[in-house]
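First up is the structure itself, then whatever we jot down about it.
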Amino acid sequence: MTPPVLLRMMDGMEKAPMHPSDLITKHFRLVDAQKKALIKLGLLTLRDLLYHLPTRHIDAGKSSAIELAEDGERVTLYGQIEKTGTKKSFRGHVPMGEAVLRDKTGKMKLIWFNQAYMAKMVQPGDFVRASGTVKKRGATISLINPEIEKIPELPRDTGPSLFNEGGIDPEDRFLPVYPESRGITSRWFYHSIRRVTASGILTLLVDPIPSDVLLRYSLPSLATALVWLHAPREERHSLSARKRFAFEEIFFIQLERQQARMLYEQNPTFLITPDKKRVEEFVARLGFPLTDAQERAVNTIFADFASSRAMLRLLEGDVGSGKTAVAAATTFAAVTTRPSGQTYGALQVAYMCPTEILATQHFESFIQYFVGTGMTIGLITGSGCRKFPSKVNSGGWTDVSRTQFLKWVANGEIPIVIGTHALIQKSVKWKHLAYVIIDEQHRFGTKQRAKLVQKETGDATRAPHFLSMTATPIPRTLALTLYGDLDLSILDQMPSGRKPVITEIVPPGKRETVYEMIRAEIRSGRQAYIICPRIDEPDPDKEQALIAKSVKEEAKRLQEKVFPEFQIDILHSKMKPSEKDDVMELFAAGDTDILVATSVVEVGVNVPNATLIIIEGAERFGLAQLHQLRGRVIRSNHQAYCFLFSETKTDKTFERLKALTTAKNGFELSEMDLALRGSGELGGGRQWGISDIGMEAIKNLKMVEAAREEAKRILGEDISLTKYPTLMAQLEERTRSHFE
84 MTPPVLLRMM
94 DGMEKAPMHP
104 SDLITKHFRL
114 VDAQKKALIK
124 LGLLTLRDLL
134 YHLPTRHIDA
144 GKSSAIELAE
154 DGERVTLYGQ
164 IEKTGTKKSF
174 RGHVPMGEAV
184 LRDKTGKMKL
194 IWFNQAYMAK
204 MVQPGDFVRA
214 SGTVKKRGAT
224 ISLINPEIEK
234 IPELPRDTGP
244 SLFNEGGIDP
254 EDRFLPVYPE
264 SRGITSRWFY
274 HSIRRVTASG
284 ILTLLVDPIP
294 SDVLLRYSLP
304 SLATALVWLH
314 APREERHSLS
324 ARKRFAFEEI
334 FFIQLERQQA
344 RMLYEQNPTF
354 LITPDKKRVE
364 EFVARLGFPL
374 TDAQERAVNT
384 IFADFASSRA
394 MLRLLEGDVG
404 SGKTAVAAAT
414 TFAAVTTRPS
424 GQTYGALQVA
434 YMCPTEILAT
444 QHFESFIQYF
454 VGTGMTIGLI
464 TGSGCRKFPS
474 KVNSGGWTDV
484 SRTQFLKWVA
494 NGEIPIVIGT
504 HALIQKSVKW
514 KHLAYVIIDE
524 QHRFGTKQRA
534 KLVQKETGDA
544 TRAPHFLSMT
554 ATPIPRTLAL
564 TLYGDLDLSI
574 LDQMPSGRKP
584 VITEIVPPGK
594 RETVYEMIRA
604 EIRSGRQAYI
614 ICPRIDEPDP
624 DKEQALIAKS
634 VKEEAKRLQE
644 KVFPEFQIDI
654 LHSKMKPSEK
664 DDVMELFAAG
674 DTDILVATSV
684 VEVGVNVPNA
694 TLIIIEGAER
704 FGLAQLHQLR
714 GRVIRSNHQA
724 YCFLFSETKT
734 DKTFERLKAL
744 TTAKNGFELS
754 EMDLALRGSG
764 ELGGGRQWGI
774 SDIGMEAIKN
784 LKMVEAAREE
794 AKRILGEDIS
804 LTKYPTLMAQ
814 LEERTRSHFE
């Protein structure tokens, strides 16, 4: 039976049949702002619209009364609009919409920041349902950024028993709240999706998950799940539907990763046979003993080298745990192995870094590790090429032309090549590329790996062994999902002598005390980082920007008013690579006392003498990123300090930042971050390419493992998925969208 609300919506509308592949614009009259918003959200077809899932539901059966509303509480209210208007606040920079809502117990303000247009959606006299967070300040009570829905009449009751008293149609009890974008509202999605589902389109959808998998895990079908999520009659229905879509997303990620691994392993690879005695001698020259965790990682990689299948491994280690030493030892093993069938030459290693600063740093480190071994090391970045050793100085490097450098790589004369993404350009040809190391490249995927599979003269296509390294703390479930195609090795020990970083949360009134401590440390020979969220002063028209510190202005303030006696420099992502290199060289040499920077220093920058770091606006960073930033000052045996400067005073923010002071290591911290912030916020769910509903599954190890096993089982039966045409089509679509 069609609900009355749908009959009202459908009255007078176009009755053209709908198909999932139809463009949204075929069935809906849209203004330009709505079209742009839909494109921004990636919604083009009716199928896309159906998969635009609500983030939560408001239970209208648990409505409140204005006089009972508590500060900070999320409520649903029914009432009548008395007046509306727009104005600007925050020094006249932020547009606001306002309305006054009255019910039989009192009245309150409805306020929309940066959404003045919302006040124009209703008129005095309208009956509405409003849901939002209550804010009380003295005698004033407001509802902040509420969702609002016009209704034909007020329910008979407006108290907690509204639903039980029969005041609301069961079809309308749970109001879905959808992700919005400027120009399009949750309300528009609510009505539009209702119209689409009422058209009978759900019968045309093919469920991509095999029926036996649905049955095995008690998951609803696609059509049922869409109804239950967009218009649930009971809370358990929406929970079951969310579970199904979470499983679906993780299942397809696993299917994609596992298939990529199986296809990669079909290529023959290089047999690398380490000379254990020479490796031990090389490690002894590093100047420090390997930890037990490092030795385990090295031996595991050697076992992979001896396999007939190419290694695909992720090395996850806390900041400062010694991943570079593992990379160096395994690189030595590779380049001291002769190519198959040859009594001369060496296998080649590519070491790819995310930035020129880090690539140059690793080039310098490898020179120290390999000096005296007779090995040639090359560096290739967008700025140029270098070669070690130089002809005139056996202990140093020299600049070389790109043309000559590429010739040496192509004929195998440079066995170790370090660089940025320049390593996978078409112009770079290899003789015997046997081992690829990727440093801090979380999204270096199958397409890029495929570029590194080499065709050798008179030989079959060969796949190099692959090692990805990360210092980003990742919960186990997320690692199993994102890196489902990689075996996992963990460095869970720190080199001996390293002291834990002392981490403190600093309120605004305690800044001067910290500045005095920094002054004393610098005078004793140490250096400091100060991290800011922004490069330039923000746009004053943006509310959130008003309190965010910028690198340029903060460096100026510190130099003039706080530390005039010290040398201060800046570093940020908009600087030219050569400028960044100059700044880092001066800082590494000790010529700069304080480096004011953005999070560009987050990854891998190594200055052992820098033992202090201040992070301005710490609440603006995820815990994983804060942990990475803190890692910049754990590069020596000196006591290191991290000070978190925060302007917010909320308990939730303080609890989250406090986790950074209590977690024993990055792995523990990542699990705390997942629990405290919510899966959709972990380091920004978007950066992983996983939706918020998919990230919910990351909290459920059993679900991740189930999806992983199902993907392996299906691919084990048929790696090409010809027996599962729906799965194959869906997977091809996902892969195509990733590579576009």
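The working numbering puts the sequence shown at residues 84 to 823. Quick reminder that beta carbons are idealized off the backbone N, C-alpha and C, glycines included. On a predicted model such as this, the values are computed, not experimentally measured, just so you know.
- Between the beta-carbon of L798 and that of Q342 there is about 6 Å, and that keeps the pair under the 8 Å contact cut.
- If the five residues before and after E604 are omitted, its C-beta is found closer than 6 Å to the C-beta atoms of L695, all from its own chain and listed in chain order.
- Look at H135 here: in three-state DSSP terms it is coil, with no helix or strand label.
- Remark: C-beta atoms of A120 and G221 do not approach each other more closely than 7 Å.
- Taking a cut-off of 8 Å on C-beta distances, the stretch 567 to 583 does not touch the stretch 645 to 654, as fewer than three cross pairs fall below it.
- Here Q425 is exposed. Its C-beta has fewer than 16 other C-beta atoms within 10 Å.
- Taken atom to atom, the span from the alpha-carbon of K360 to that of A789 is near 43 Å.
- The way I'd put it, the stretch 405 to 418 doesn't touch the stretch 486 to 495; fewer than three beta-carbon pairs between them come closer than 8 Å.
- A contact is defined here as three or more CB-CB pairs under 8 Å, and the stretch 779 to 786 meets this definition with respect to the stretch 560 to 567.
- Distances from the CA of P437 to each of V158, V381, V362 and V683 were compared; the closest alpha carbon is that of V683.
- Assignment of V366 by DSSP, reduced to helix, strand and coil, places it in the helix class.
- Distance from the CA of T443 to the CA of D115, rounded to the nearest whole angstrom, comes to 48 Å.
- The stretch 377 to 386 makes no contact with the stretch 323 to 341: fewer than 3 CB pairs, one atom from each, lie closer than 8 Å.
- From the listed residues A638, V716 and V584, the smallest Cα separation to N748 is found for V584.
- In the structure shown, the three-state DSSP call for R340 is helix.
- If you check the CB distance, V679 and A693 do not come in under 7 Å.
- Beta-bridge partners assigned by DSSP to R817: none are found.
- Closest in alpha carbon position to R112, among S275, G403 and P137, is S275.
- The three-state secondary structure of H274, taken from DSSP, is helix.
- At a Cβ-Cβ threshold of 7 Å, F210 and I234 count as neighbours.
- Per DSSP, the continuous alpha helix (DSSP H) segment holding N382 begins and ends at D375 to F388.
- Distances from the CA of M101 to each of L193, A412, F649 and R277 were compared; the closest alpha carbon is that of R277.
- The bridge partners DSSP lists for G215 are V158.
- Going by DSSP, W311 is part of no beta strand (DSSP E) but of the alpha helix (DSSP H) stretching over L305 to H313.
- Within the same chain, and ignoring the five residues on either side of P591 in sequence, the residues whose Cβ sits closer than 7 Å to its Cβ are E730.
- Our two residues, A638 and A199, have alpha carbons roughly 36 Å apart in a direct line.
- Positions of the beta strand (DSSP E) runs, each at least 3 residues long and wholly inside the stretch 456 to 484, are given as 460 to 464, 467 to 471 and 481 to 483 in order along the chain.
- Annotation: the continuous alpha helix (DSSP H) that includes Q708 extends over L706 to R713.
- Assigned with DSSP and collapsed to three states, S682 falls in helix.
- Sequence-distant partners of R609 (beyond 5 residues in either direction) whose C-beta falls short of 8 Å from its own C-beta, in its chain, are N692, A693, T694, L695 and H721.
- Per DSSP, reduced to three states, the secondary structure at R617 is strand.
- The continuous alpha helix (DSSP H) containing G799 extends over residues L784 to E800.
- Here DSSP, grouped into helix, strand and coil, assigns F649 to coil.
- For H445, the three-state secondary structure derived from DSSP is helix.
- Ranked by how close their Cα comes to the Cα of H515, the residues T464, I651 and I355 have I355 in first place.
- By the criterion of at least three beta-carbon pairs nearer than 8 Å, the stretch 389 to 398 is in contact with the stretch 544 to 559.
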